[in-house]
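Residue numbers (the numbering used here): 97 to 356. We put the beta carbon where it would ideally sit given N, CA and C, even for glycine. Computed from a prediction, not measured in an experiment: that's the story for all the values here.
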């Protein structure tokens, strides 16, 4: 069993992939497992290269930012990739309104259709969702994601890089979705209230590597071996014993994603 699980990284992205052997070695030294997350067909396919590595699990999916480009959600192709037992979730998928104007209903409609297709795939394969959700000029993406998940039912998962308030957290927790936090919590206090509010069995640690490296690595390429810093900060914010928090976060990831 690992000491830590980074439930959301991108080993398939160039900044980590080019040094993957060293990145994986540092993970092994720190006893870290990770889930490498797909964002489109190319990155999802590249994830399949990691299926034979110990301590690495993957997802396949289409990020909502990418669904506005040329790529369509090729359901059957993603289904074939997702059938492997170490592909542990569908995503990252959801809604991203950061670059959408509030009146651009067509783009929002397209995002919702592709999100719903990935929910359907997760249901058919009995796999959880890795949710990406970012509000913006286009509106409250958290509310729309919650409404879709609640009305659909029959699916579980995690809300990655959660940045909502306590009231938003309550909604996702009420439908069984866990919340995960990145290294951002090591240098801003905005996330503290939700981390303190949520039950320990409903939160997880992530890096979102190669992005948002935690203190003291800010400005550097992030990687899964930095996740112990996130776990330590969660324990500090909650005022709880770090050993207990470490164990709980590992158990949560194993439970939510069925890691073996």
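Worksheet item: When you compare each of 227, 332, 216 to residue 281 by their alpha carbons, which one comes out closest?
Response: Of the candidates 227, 332, 216, the one whose C-alpha sits nearest the C-alpha of residue 281 is 332.
Practice prompt. State the DSSP-derived secondary structure class of residue 339, mapped to helix, strand or coil.
Written response: Helix at residue 339.
Practice prompt. At 3 residues or longer, and completely inside the stretch 160–203: list those beta strand (DSSP E) runs for me, N to C.
Written response: Listed in chain order, they are 183–192.
Worksheet entry | Under 8 Å between C-beta atoms of residue 173 and residue 159 | Cβ distance not < 8 Å, so residue 173 and residue 159 don't count as in contact.
Item to complete: Just the C-alpha distance for residue 328 and residue 98, rounded to the nearest angstrom, thanks.
Response: Each residue's Cα considered, the two are about 16 Å apart.
Worksheet item: In its own chain, which residues sit with a C-beta less than 7 Å from the C-beta of residue 171, not counting the 5 before and 5 after it?
Response: Counting only Cβ-Cβ distances below 7 Å, and skipping sequence neighbours, we find 213, 217.
Discussion item. Just list the residues that DSSP pairs residue 227 with in beta bridges.
Written reply: Residue pairing by DSSP puts residue 227 in a beta bridge opposite 189, 255.
Worksheet entry | Candidates 146, 181, 168, 238: closest to residue 194 by CA position | Sorting 146, 181, 168, 238 by C-alpha distance to the C-alpha of residue 194 places 238 at the top.
Item to complete: Alpha carbon to alpha carbon, how far is residue 130 from residue 192? Give it in angstroms, no decimals.
Response: One C-alpha to the other measures close to 24 Å.
Worksheet item: From residue 121 to residue 286, what distance separates their C-alpha atoms?
Response: Straight-line Cα distance between these residues: approximately 33 Å.
Practice prompt. Enumerate, from N- to C-terminal direction, the unbroken alpha helix (DSSP H) stretches of 4 or more residues contained entirely within the stretch 226–307.
Written response: Here the runs fully enclosed are 237–248, 262–270, 288–293.
Fill in: CA nearest to the CA of residue 107, picked from 126, 127, 149
When only C-alpha atoms are compared, the closest one is 149.
Worksheet item: Assuming residue 178 contacts residue 353 under a Cβ cut-off of 8 Å, what Cβ separation, rounded to an integer in Å, is found between them?
Response: A Cβ-Cβ distance of about 13 Å is found for the pair residue 178 and residue 353, leaving them out of contact under the 8 Å criterion.
Practice prompt. In angstroms with no decimal places, state the Cα-to-Cα distance between residue 102 and residue 292.
Written response: For residue 102 and residue 292, the gap between their C-alpha atoms comes out near 20 Å.
Worksheet item: At a Cβ threshold of 8 Å, is residue 340 touching chain C?
Response: Here chain C cannot be found, since the structure has a single protein chain.
Fill in: Whole-angstrom C-beta distance between residue 105 and residue 303, which should lie under 8 Å
That belief holds up - the Cβ atoms of residue 303 and residue 105 are roughly 5 Å apart, short of 8 Å.
Discussion item. For residue 233 and residue 125, I'd like the C-alpha separation in whole angstroms.
Written reply: Spanning the two alpha carbons is a distance of roughly 43 Å.
Discussion item. On a Cα-Cα basis, can you pick out the residue from 298, 316, 253, 247 that is closest to residue 279?
Written reply: Of 298, 316, 253, 247, the residue nearest in Cα terms is 316.
Fill in: DSSP-derived helix/strand/coil call for residue 146
Assignment of residue 146 by DSSP, reduced to helix, strand and coil, places it in the helix class.
Practice prompt. Could you please give me the residues that DSSP links to residue 153 through a beta bridge?
Written response: BP columns for residue 153 point to 131.
Worksheet item: What's the gap between the Cα of residue 298 and the Cα of residue 255?
Response: Near 10 Å, if we compare the C-alpha coordinates of residue 255 and residue 298.
Item to complete: With DSSP collapsed to three states, give me the class of residue 115.
Response: In this structure, DSSP gives residue 115 a state outside helix and strand, which the three-state scheme calls coil.
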